[in-house]
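Inspection log for the structure reproduced underneath, given as structure tokens.
Numbering (my numbering), first residue to last: 10 to 324.
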């Protein structure tokens with residue numbers, strides 16, 4: 010059954026949300042779509058991390074890496090002099106749930122609060138070496154701080170060990186099966202696909218990723234990603250409540266392995282800078298993709314739950 014997006018569109022206009030597209034899938038079919046502008050591939054920013062999460066699951070399955078590996082062992086030649094014990098203790102598992110123990114933004118492209126570029130980190134060609142210079146005041150695995158340390162370093166690990174850029178490695182494993190042809194993925198000065206962002210996809214391509222999550226990693230009869238990994242990656246592993254900051258309930262309901270937990274209906278999402286959202290609703294066998302240039306993530310979520318989710322529940 011088709012989903013009416015009129016209410017969603019009207020509320021988003023009333024709230025002055027700067028949106029580009031909204032697309033709804035249910036039971037494997039596109040049931041609603043509205044475009045404020047021509048559909049094209051855009052930078053999905055940090056929603057790229059959720060694609061990296063699936064790559065990590067594949068890499069584990071192929072014996073390429075382990076979640077219990079330490080970056081200090083992998084990048085011994087890039088460590089600073091006299092590294093702290095906390096730095097030495099950071100594992101891939103810690104990093105993919107944003108619990109490296111750092112307090113600073115690392116390899117962050119933009120300041121979320123004023124939309125200005127943060128350029129000091131990018132004046133260094135070797136981003137791995139630069140990332141390893143930051144102080145780690147908290148014990149890894151115990152303190153949540155969103156940054157790009159983990160996704161960038163883990164993407165480099167996969168690329169070094171496979172001998173391929175992440176985009177190329179994922180083409181036969183993920184992109185081609187989903188019908189995503191020749192995706193663009195930004196590179197660092199050292200030539201690595203950055204993993205933490207920079208993947209360009211269309212709204213419909215993002216919806217296929219949402220469908221893959223609903224299918225527990227299966228697509229057209231083929232298991233692309235181990236089902237157990239999809240389940241683990243999209244489960245809550247750590248609290249992402251930020252002390253002293255007012256947060257919308259859907260922004261502090263927990264964090265998985267590069268996925269955000271939702272506060273309602275067992276939802277979770279891949280989420281990128283300025284309103285790139287793939288909201289997965291397993292209970293309704295549905296996903297909602299919203300893209301734009303909008304920082305009121307809570308407002309977007311409220312529009313989805315006010316107007317789209319009730320229709321999905323009725324279908």
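The C-beta atom is built at its ideal place from N, Cα and C for all residues, glycine as well. Being a predicted model, the structure only gives us computed values, none of them experimental.
Asked: I'd like the ranges of any alpha helix (DSSP H) spanning at least 4 consecutive residues and lying wholly in the segment 78–105.; Found: 80–83, 94–98, 101–105
Asked: Just to confirm my understanding: we take residue 25, look at its own chain, exclude 5 residues before and 5 after, and list those with CB closer than 7 Å. What are they?; Found: none
Asked: Taking C-beta to C-beta, are residue 288 and residue 313 nearer than 8 Å?; Found: yes
Asked: Evaluate the contact criterion for the segment 155–173 versus the segment 66–73: three or more CB pairs, one atom per stretch, below 8 Å.; Found: yes
Asked: Starting from residue 278, follow its DSSP beta bridges and name the residues at the other end.; Found: 269, 288
Asked: In or out: residue 113 buried (at least 16 other Cβ within 10 Å) or exposed?; Found: exposed
Asked: Considering only C-alpha positions, which residue in the set 23, 134, 219, 284 is nearest to residue 303?; Found: 284
Asked: Would residue 306 and residue 257 be called neighbours here (beta carbons separated by less than 8 Å)?; Found: yes
Asked: By alpha-carbon positions, which one of 155, 115, 50, 55 ends up nearest to residue 144?; Found: 115
Asked: How far does the beta strand (DSSP E) with residue 336 in it reach, from first residue to last?; Found: With the chain covering 10 to 324 only, the question about residue 336 has no answer from this structure.
Asked: Could you tell me which of 294, 27, 91 sits nearest to residue 216, measuring between CA atoms?; Found: 294
Asked: Residue 34 to residue 141, Cα distance in whole Å?; Found: 41 Å
Asked: Could you tell me if residue 21 is buried or exposed, where buried requires 16 or more neighbouring beta carbons within 10 angstroms of its beta carbon?; Found: buried
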